[in-house]
Amino acid sequence: MVQYPEMALPDDPKLAQNITHFARALRRAGLAIGTGRVIDAIRAVAVVGFTQKADFFWTLHACFVSKPEEHLIFAQLFRLYWRDPEYLEQMMSFLRPMVRGTQEERAAAPAEKRAAEALLDGEERPLPPQPDSDDEIEIDIDATQTASAEERLRTLDFELMSVAEMNAAKAVLAKLALPVPPLLSRRTERLAGTLPDWQTTMRNAMRKGGEVTDFATKRRRIRYPNLVVLCDISGSMSQYSRAVLHFVHAVSNRQGQGWAQVHAFTFGTRLTNITRHLRRRDVDVALAAAGTEAQDWEGGTRIGACLHDFNRDWSRRVMGQGAVVLLITDGLDRDTDHDLGREMERLRLSSRQLIWLNPLLRWDGFAPKAKGIMQMLPHCSSFRAGHNIASLAGLANALSRPDDTGEKARLLARM
């Protein structure tokens, strides 16, 4: 066991207690923090000091954060816990509705609701007392248009979900199906059909002295396409890509949906093939292995370079026989070395159908003004939102109706 030297702390070390409580909140938010890390954090703060907030932030960050995707949770918890004690009341408003009084409506920032849930840890506070009034207040609530909890979960943005809501969303995503209609092959099989089988007919006639007694028929074989998923795991797409990969894992491991094979790739600053990891039955083990394989989680975005690598190294291997490509990215490309429009065109010509899911479509005022989006949009078959469960469930319509272009036509008109 590691022996730590004695620390010169005061008799009543409130700072050490606060760091311990902060570590417990991080653990409830999903970070893997044990007693050893807490001790290391207290020792590190004692060495670095508590005079500069930035030094204090990065000292705790070095002790508690071990994965890129944990940075946002840590930053929100640090801001809420160490900056303003009155934030507790604001965080309570994220977790339960206000029955009395009015307050300014503000949507929770990404990961803020999860941070609030971790700090409160189920704490409930009574509503502030209201002044006595002789007038009786009657509250009439019309619940005719109230959506159920499940319906609300289906339309809730992945980025604004709490820990409990994300766990519930993952359970729903694991049950979603993505069936694909079969394709007619040019090859035929000797079964009852509408196509004449002259070879079989003449062979049977030769066995009977040249007399044709029956007319054989055949039909075209049925085959199923491959599904190729290209998922953006850059910093702006982290929360959405995790939900999509849960959905892709369910599609990969569910029988009877029709896909010949499911291939999955992640990209940020480089392209990573995670197909073999998603074939594991346990989704947590599969995504943990995929995260270990892909070293560019929550990094930058080089869409053009990654699509170039896919078209050069993987297209001939996985895009045969009319594969359907599912591209999940916000289109905010920072790569200037490759022609993104040309790579998208090559990807579209190699696929039977190219469906682009973009979480930015959740905004009503979205317009294709970014250079990357303007280069990519003309080459996709369908352009759809991909920010909640309902948008992923709607993929079945895009597969069954190839003429459904989603929002492509409307946005092309605004370019």
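Residue numbers (the numbering used here): 40 to 454.
All C-beta atoms, glycine included, are put in the ideal place defined by N, C-alpha and C.
Query: Which residue wins for smallest C-alpha separation from Ile272, given the options Phe197, Phe254, Thr305 and Thr233?; Result: Thr305
Query: With a CB to CB cut of under 6 Å and the five nearest residues on each side skipped, what residues in its chain are close to Ala62?; Result: Ile72 and Val77
Query: What residues match up with Glu228 in a beta bridge as DSSP calls it?; Result: Arg258
Query: Buried or exposed: where does Asn427 fall if 16 or more other Cβ atoms within 10 Å of its Cβ makes it buried?; Result: buried
Query: Near Glu250, what residues of its chain come up, given a Cβ to Cβ distance below 8 Å and the 5 sequence neighbours on each side ignored?; Result: Ala244
Query: With a Cβ-Cβ cutoff of 8 Å, do Ala17 and Leu111 count as a contact?; Result: Beyond the ends of the chain as shown, which are 40 and 454, falls residue 17; an answer cannot be given.
Query: Rounding to the nearest angstrom, what Cα-Cα distance links Gly445 and Met241 in this structure?; Result: 51 Å
Query: Going straight from the alpha carbon of Leu230 to that of Gly425, what length do you get?; Result: 42 Å
Query: Per the contact definition of three or more C-beta pairs closer than 8 Å, is the segment 268-288 in contact with the segment 369-380?; Result: yes
Query: What does Ser421 pair with, by DSSP beta-bridge criteria?; Result: Ile394
Query: Would you call Lys92 buried or exposed, if buried means 16 or more other Cβ atoms sit within 10 Å of its Cβ?; Result: exposed
Query: Quick check: the Cα distance between Ile313 and Gln238, rounded to an integer number of angstroms?; Result: 46 Å
Query: Look up Arg305 in the DSSP assignment and say whether it is helix, strand or coil.; Result: Reading the sequence as shown, one finds Thr at residue 305 and not Arg. Note: Thr305 maps to strand in three-state DSSP.
Query: Would you grab the beta carbon distance between Lys214 and Leu234 for me? Rounded to a whole angstrom, and I think it's under 8 Å.; Result: Not confirmed; about 40 Å, so no contact.
Query: With C-beta atoms as the reference, is His316 less than 8 Å away from Lys209?; Result: no
Query: So which of Thr59, Gly88, Gly69 and Ala68 has the shortest CA-CA distance to Gly75?; Result: Thr59
Query: Is Leu119 closer than 8 Å to Ala68 when the C-beta atoms are compared?; Result: no
Query: DSSP state of Pro220, grouped into three classes?; Result: coil
Query: Give the secondary structure of Ile272 by DSSP, where H, G and I count as helix, E and B as strand, and everything else as coil.; Result: coil
Query: Reducing DSSP to helix, strand and coil, say where Val363 ends up.; Result: strand
Query: Would Asp196 and Arg401 be called neighbours here (beta carbons separated by less than 8 Å)?; Result: yes
Query: Assuming Arg309 contacts Cys270 (C-beta within less than 8 Å), just tell me the rounded distance between them.; Result: Not a contact, Cβ separation roughly 13 Å.
Query: I'd like the span of the beta strand (DSSP E) that includes Leu199, first residue to last.; Result: Careful: Leu199 lies outside any beta strand (DSSP E) and carries neither H nor E.
Query: With DSSP collapsed to three states, give me the class of Leu48.; Result: Any reading at Leu48 is ruled out, since the residue's pLDDT is 45, under 50, leaving its predicted position unreliable.
Query: Nearest by alpha-carbon distance to Lys373: which of Pro398, Ser390 and Gly343 is it?; Result: One point to set straight first is that residue 373 is Arg, not Lys, in the sequence displayed. The candidate whose alpha carbon is nearest that of Arg373 is Gly343.
Query: Mind checking whether Leu379 and Gln414 have CB atoms under 8 Å apart?; Result: yes
Query: With a threshold of 16 other CB atoms inside 10 Å of the CB of Ala255, please say whether the residue is buried or exposed.; Result: buried
Query: With C-beta atoms as the reference, is Ile394 less than 8 Å away from Ala437?; Result: yes
Query: Given a threshold of 16 other Cβ atoms within 10 Å of its Cβ, counted over all protein chains shown, does Ala406 qualify as buried or as exposed?; Result: exposed
Query: Three or more C-beta pairs under 8 Å: does that hold for the segment 356-363 against the segment 381-392?; Result: yes
Query: Nearest-angstrom Cα distance between Ala299 and Ile261?; Result: 11 Å
Query: Taking only the alpha-carbon atoms, compute the straight-line gap between Met200 and His288 and give it to the nearest angstrom.; Result: 20 Å
Query: In whole angstroms, what is the alpha-carbon distance linking Lys408 and Lys447?; Result: 14 Å
Query: Where do the N-terminal and C-terminal ends of the alpha helix (DSSP H) with Asn350 fall, by residue?; Result: Ile342 to Asp352
Query: For the beta strand (DSSP E) that Thr311 lies in, which residues bound it at each end?; Result: Leu310 to Asn312
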